[in-house]
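Its first residue numbered 2, the sequence shown is counted upward by one per residue in my numbering. For glycine and all other residues, C-beta sits at the position ideal for the given N, C-alpha and C. Notes to accompany the following structure.
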Amino acid sequence: MNATALRATLLVLGLTGAICIPSSVSAQWILSPGEGWVDLTLIRHDTRSRFDLTGDRNPLANEGHAVTTSLFVTAAVGLLRGVDAWVQAPVHSFRFDDAAGPRTRSGLGEPRLFVRVGPQFVGLPAVPIALRGGVKWPSGRFEADAEIIPLGEGQRDFELLLEAGRSFHPRPVYVMGWGGYRWRGPNHRSERDPGDERFWYLAAGGSTDRFGWKAAAEGLDGDPWRIHGLRIPSTPREMTQLLLSVDTPISRGRAGLGVRVPLAGRNLPAGNALTIQYFFRFGGHGS
Numbered sequence: 002m003n004a005t006a007l008r009a010t011l012l013v014l015g016l017t018g019a020i021c022i023p024s025s026v027s028a029q030w031i032l033s034p035g036e037g038w039v040d041l042t043l044i045r046h047d048t049r050s051r052f053d054l055t056g057d058r059n060p061l062a063n064e065g066h067a068v069t070t071s072l073f074v075t076a077a078v079g080l081l082r083g084v085d086a087w088v089q090a091p092v093h094s095f096r097f098d099d100a101a102g103p104r105t106r107s108g109l110g111e112p113r114l115f116v117r118v119g120p121q122f123v124g125l126p127a128v129p130i131a132l133r134g135g136v137k138w139p140s141g142r143f144e145a146d147a148e149i150i151p152l153g154e155g156q157r158d159f160e161l162l163l164e165a166g167r168s169f170h171p172r173p174v175y176v177m178g179w180g181g182y183r184w185r186g187p188n189h190r191s192e193r194d195p196g197d198e199r200f201w202y203l204a205a206g207g208s209t210d211r212f213g214w215k216a217a218a219e220g221l222d223g224d225p226w227r228i229h230g231l232r233i234p235s236t237p238r239e240m241t242q243l244l245l246s247v248d249t250p251i252s253r254g255r256a257g258l259g260v261r262v263p264l265a266g267r268n269l270p271a272g273n274a275l276t277i278q279y280f281f282r283f284g285g286h287g288s
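As structure tokens, this is what we get:
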């Protein structure tokens, strides 16, 4: 694979929003059995720049312009005391224009399933700390072509993370965060083996009856890929970004607006992303 094709491949794979997965506001506590929530997050990313192979921010090649609109539908439910599960399904709409003309693609992305276990499961006191494991399935048709925008990355991933939080009740303020490791499987059709990744997330937020806010940072640090059996040192994905959001009660849930600001990166699109979110609970009032 020549350098031009490699850059194009890394760019179109970055459009799938691997670093733009929504982080639910309810991740502090394990859900009680039968309790749950649903989160709808729309992410709009419009950029003419990228973080290149060395981490510099440069314009997209050939006057490129990438527009990504993704709807992430996430639902969670408590299964047992100290155990809950999440499922997430994204729907993507991609458009990429450059000197060669426009390319568009829309459809269902790759779903994820998570199971989370807290100390209550083994009879310990309920505290906001948990171990979460997840899997991402490849779905749909994957084209091994740098000129076609894929709806996913085409391989199965597994991840494991430790998360924790703390509420400062009676003050309406909390902090939360997690850190984890993602094992990325090979894509045999395209002869690509993406490097494993480490990721983290830290947030502080608060809410009242009329207003909520959250300030967060998240990061991704990956290993080099193997392409056609060769380890390519210039291919790791990296990203550090700031996330700011506000929300307010609407009907049964809370609606919010936010912005994602990339601070540094490598082999991923640059540019700010806007988010619109609606979140509601069902079956209870917390654990």
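Member of the options whose CA lies at the smallest distance from the CA of residue i
| i | options | result |
| --- | --- | --- |
| Val-136 | Leu-161, Pro-225, Val-262, Ser-33 | Leu-161 |
| Pro-120 | Gly-259, Asp-98, Asp-85, Ser-252 | Asp-85 |
| Phe-73 | Pro-126, Pro-34, Asp-99, Val-88 | Val-88 |
| Ala-76 | Gly-35, Glu-239, Arg-45, Phe-122 | Gly-35 |
| Leu-258 | Ala-265, Asp-248, Arg-82 | Asp-248 |
| Asp-98 | Ala-90, Ala-127, Gly-134, Ser-50 | Ser-50 |
| Ala-216 | Ile-44, Arg-199, Gln-242, Pro-126 | Gln-242 |
| Gly-196 | Gly-186, Ala-90, Arg-190 | Gly-186 |
| Arg-117 | Leu-269, Leu-81, Ser-94, Val-92 | Leu-81 |
| Arg-282 | Val-39, Leu-114, Phe-115 | Val-39 |
| Arg-190 | Thr-70, Gly-213, Gly-155 | Gly-155 |
| Gly-56 | Val-78, Leu-264, Ala-274 | Leu-264 |
| Pro-250 | Ala-127, Pro-173, Arg-167, Ser-208 | Ser-208 |
Residue i burial status per 10 Å Cβ neighbour count (16 or more: buried)
| i | result |
| --- | --- |
| Gly-206 | buried |
| Arg-183 | buried |
| Ala-271 | buried |
| Trp-138 | exposed |
| Arg-238 | buried |
| Asp-210 | exposed |
| Val-26 | Residue placement at Val-26 is flagged as unreliable, the pLDDT there being 46, under the threshold of 50; the coordinate-derived value follows with that caveat. With 16 or more Cβ atoms within 10 Å of its Cβ, Val-26 is classed as buried. |
| Glu-219 | buried |
| Gly-289 | Residue numbering for the chain in the displayed model covers 2 to 288; residue 289 lies beyond these limits and cannot be assessed. |
| His-46 | buried |
| His-93 | buried |
| Phe-212 | exposed |
| Arg-267 | buried |
Per DSSP, the bridge partner or partners of residue i
| i | result |
| --- | --- |
| Ser-208 | Gly-213 |
| Pro-270 | Arg-51 |
| Val-128 | Paired residue(s): none; Val-128 is not in a bridge. |
| Gly-56 | None, per the DSSP bridge assignment. |
| Trp-38 | Ala-77, Arg-282 |
| Ala-265 | Thr-241 |
| Asp-99 | Gly-102 |
| Ser-252 | Beta-bridge pairing links Ser-252 to no other residue. |
| Leu-203 | Gly-178, Ala-218 |
| Ala-198 | It is worth fixing the name first, because residue 198 is Glu in this sequence and not Ala. Per DSSP, Arg-183, Gly-223. |
| Arg-167 | Val-176 |
| Gln-89 | Thr-75, Arg-113 |
| Thr-276 | Ile-44, Gly-259 |
| Gly-134 | Val-116, Leu-161 |
| Arg-232 | Arg-227 |
Cut-off 7 Å between Cβ atoms - residues of its own chain near residue i, not counting five sequence neighbours on either side
| i | result |
| --- | --- |
| Tyr-279 | Leu-41, Gly-254, Ala-256 |
| Thr-48 | Ala-67, Pro-270, Ala-271, Gly-272 |
| Pro-126 | Pro-120 |
| Gly-284 | Gly-35, Glu-36, Gly-37 |
| Ser-140 | Leu-109, Glu-111, Pro-112, Gly-153 |
Beta-carbon proximity list for residue i, same chain, < 6 Å, skipping 5 on both sides
| i | result |
| --- | --- |
| Leu-54 | Ser-235 |
| Leu-244 | Ala-217, Arg-261 |
| Phe-200 | Gly-181, Leu-221 |
| Trp-179 | Leu-162, Glu-164, Tyr-202 |
| Gly-65 | Asp-99 |
| Val-176 | Arg-167, Ala-205 |
Close-in-space but distant-in-sequence residues of the same chain around residue i (CB under 8 Å, 5 per side omitted)
| i | result |
| --- | --- |
| Trp-226 | Arg-193, Asp-194, Pro-195, Gly-196, Arg-232, Ile-233, Thr-236, Pro-237 |
| Glu-198 | Tyr-182, Arg-183, Arg-185, Leu-221, Asp-222, Gly-223, Asp-224, Arg-238 |
Proximity test, residue i beta-carbon vs the ligand FAD heavy atom, cut-off 6 Å
| i | result |
| --- | --- |
| Arg-190 | What this structure holds is no ligand at all, so the ligand FAD is not there to describe. |
Between the region 99-112 and the region 125-134, are three or more C-beta pairs nearer than 8 Å? no
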